[in-house]
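Enquirer:
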Amino acid sequence: MTATPSVRDRAATIARAAGVTTRTVHDVPGIAAVADFFSDVWQTPRSTPPYPAEVLHSLVHAGGAVHAAYTEQGELCGAAVAVFGEPSALDVYSFVAAARTSDRGVGLAVKEAQRVWALERGARTMRWTFDPLVGRNARFNLVKLGGAGTEYLVDFYGPMTDGLNDGDESDRLTVTWDLTAGERTPSQTAEPAAGTPVVLATAPDGAPLAVRAGETVRCRVPDDVVGLRAADPALALRWRHAVREVFTRAFADGYTATSMSRDGWYTLTPAAPHTPAAAPAQEGSPA
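Mapping of the sequence shown onto our numbering: residues 624 to 910, in sequence order.
Right, dumping it as structure tokens:
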């Protein structure tokens, strides 16, 4: 399967709107600049980057791709790296993506460039992981791109020592992005109509953490977990464990994460017909 002209045109339009150009990077200096960029984003010394240049170069040589976005002045402002999964799955795994100015659409431009590259090589889906407590990333992945949260991974990387994740546990949510799907309309991303909500769990701030209305479960995350982690690591960890409890129980019952509201509430919906239990087994159980 190849990328259709409409997909290529959409990627080009988004890049122009963001004021950037995107391309794949193959040369040693270009890949080294991407490695330095990732160090700056994750607040690690450039001498110990989270994704060393030699590793990125090897992934490109193995058939993967490093995509980068550049401003009109030639400044590197976004990058992403993807590799192919099993051939039978027609799946691509994007193991890192970052943008310096997310509010300008740079992140979207990079992801759309990845999409074109993957489709031109026969892929149909792309997967990656992100911290489920970072609400702005959830909204980007689930609403802007139209992906779905399909797997909850507890402490996926183990302890992390970069400047953003110190002192926390590395839970991650897997996103699966259907590369062949068209752009979602507002009606497709709108929150479902609410019935009579039932509070399932209470957040560390004393307000509802998770509620259920009919078969839909909604779960809240903190406003700014990165700032909270820096100011009060113990409280951030309490949020981590509380959200983990809701998600792991919901995913065990066949739910997926399908949306994220602007005020920080996930929408979790059952992937198949589901009959909720008469009452939660304990506080925090979504079904």
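Backbone N, C-alpha and C define an ideal beta-carbon position, used for all residues, glycine too.
Quantities reported herein were computed from a predicted structural model and do not represent experimental measurements.
Over what stretch of residues does the beta strand (DSSP E) that includes leucine 768 continue unbroken?
Expert: Careful: leucine 768 lies outside any beta strand (DSSP E) and carries neither H nor E.
Enquirer: Given a threshold of 16 other Cβ atoms within 10 Å of its Cβ, counted over all protein chains shown, does aspartate 650 qualify as buried or as exposed?
Expert: Looking at its Cβ environment, which holds fewer than 16 other Cβ atoms inside 10 Å, aspartate 650 is exposed.
Enquirer: Spatial neighbours of threonine 748 within its chain, please: C-beta separation below 8 Å, excluding the five flanking residues on both sides.
Expert: Within the same chain, threonine 748 has close Cβ partners Ala712, Leu713, Asp714, Val715, Thr799, Trp800, Asp801 and Leu802.
Enquirer: Report buried or exposed for threonine 898, applying the criterion of at least 16 other Cβ atoms within 10 angstroms of its Cβ.
Expert: Confidence in threonine 898 is poor, its pLDDT being 39 and thus under 50, which makes the residue's placement too unreliable to answer from.
Enquirer: With DSSP run on the structure shown, which of helix, strand or coil describes proline 809?
Expert: Here proline 809 scores only 46 on pLDDT, less than 50, and its place in the model should not be relied on; the value that follows carries that caveat. Residue state, collapsed to three classes: helix.
Enquirer: Tell me, to the nearest whole angstrom, how far the beta carbon of cysteine 613 is from that of valine 821; I am working on the premise that it is less than 8 Å.
Expert: There is no way to answer for residue 613, as the model of the chain reaches only from 624 to 910.
Enquirer: Per DSSP, which residues does arginine 750 bridge with? Please list them.
Expert: Tyr716 and Thr799, per the DSSP bridge assignment.
Enquirer: Take every Cβ of the stretch 730-744, pair it with every Cβ of the stretch 851-871, and state whether three or more of those distances are shorter than 8 Å.
Expert: No, because fewer than three Cβ pairs between the stretch 730-744 and the stretch 851-871 fall closer than 8 Å, the two stretches do not touch.
Enquirer: Kindly indicate which three-state DSSP category histidine 690 falls into: helix, strand or coil?
Expert: Correct three-state label for histidine 690: strand.
Enquirer: Using only the alpha-carbon positions, how far apart do leucine 756 and leucine 891 sit?
Expert: One C-alpha to the other measures close to 15 Å.
Enquirer: Do three or more CB pairs link the stretch 639-648 to the stretch 687-696 at distances below 8 Å?
Expert: At 8 Å Cβ cutoff, the stretches touch.
Enquirer: Below 8 Å, how does it come out for the stretch 825-835 and the stretch 766-776: are there three or more Cβ pairs, yes or no?
Expert: Segments in contact, no.
Enquirer: State the DSSP-derived secondary structure class of leucine 832, mapped to helix, strand or coil.
Expert: Strand at leucine 832.
Enquirer: Quick one: what does DSSP say alanine 816 is sitting in, helix, strand or coil?
Expert: Residue placement at alanine 816 is flagged as unreliable, the pLDDT there being 49, under the threshold of 50; a coordinate-derived value is accordingly withheld.
Enquirer: Out of Glu792, Glu838 and Val678, point me to the one whose CA is closest to valine 866's CA.
Expert: Taking only the C-alpha atoms, the option nearest valine 866 is Glu792.
Enquirer: How many angstroms separate the CA atom of valine 643 from the CA atom of tryptophan 862?
Expert: Cα to Cα, the separation comes out at about 37 Å.
Enquirer: Using only CA atoms, which one of Ala705, Gly728, Arg727 and Pro710 lies nearest to phenylalanine 718?
Expert: Among Ala705, Gly728, Arg727 and Pro710, the Cα nearest to that of phenylalanine 718 belongs to Ala705.
Enquirer: Sort Ala635, Ser681 and Arg795 by Cα distance to alanine 692 and report the nearest one.
Expert: Closest by alpha carbon: Ala635.
Enquirer: Determine the DSSP secondary structure at alanine 732, reduced to helix, strand or coil.
Expert: Alanine 732 falls in the helix class under three-state DSSP.
Enquirer: With DSSP collapsed to three states, give me the class of arginine 639.
Expert: DSSP places arginine 639 in helix when its eight states are reduced to three.
Enquirer: Are threonine 879 and alanine 894 closer than 8 Å when you measure CB to CB?
Expert: Yes, these two residues count as a Cβ contact at 8 Å.
Enquirer: Assuming the contact rule is C-beta atoms closer than 8 Å, alanine 833 and valine 840 should be a hit. Round their C-beta distance to whole Å, please.
Expert: Rounded, the Cβ-Cβ distance is 6 Å, consistent with contact.
Enquirer: For alanine 836, which of Gly772, Asp754 and Thr819 has the nearest alpha-carbon?
Expert: Checking every option, the nearest Cα to that of alanine 836 belongs to Thr819.
Enquirer: Using a Cβ-Cβ cutoff of less than 6 Å, which residues in the same chain neighbour glutamate 774 once the five nearest sequence positions on both sides are dropped?
Expert: Thr797, listed in sequence order.
Enquirer: Quick one: give me the first and last residue of the beta strand (DSSP E) that phenylalanine 707 is part of.
Expert: Residues 699-707.
Enquirer: In this structure, does DSSP put valine 821 in helix, strand or coil?
Expert: Correct three-state label for valine 821: strand.
Enquirer: CB glutamate 743 to CB threonine 625, shorter than 8 Å?
Expert: Against a cut-off of 8 Å, the Cβ pair of threonine 625 and glutamate 743 comes out as a contact.
Enquirer: When DSSP labels each residue in this structure, what does tryptophan 665 get in the three-state scheme?
Expert: Here tryptophan 665 sits in coil by DSSP.
Enquirer: Taking phenylalanine 660 and alanine 702 to be in contact with their CB atoms under 8 Å, please state how far apart those CB atoms are, rounded to whole angstroms.
Expert: Their Cβ separation, rounded to whole angstroms, is 6 Å, which keeps phenylalanine 660 and alanine 702 in contact under 8 Å.
Enquirer: What does threonine 839 pair with, by DSSP beta-bridge criteria?
Expert: Its beta-bridge partners are Ala836.
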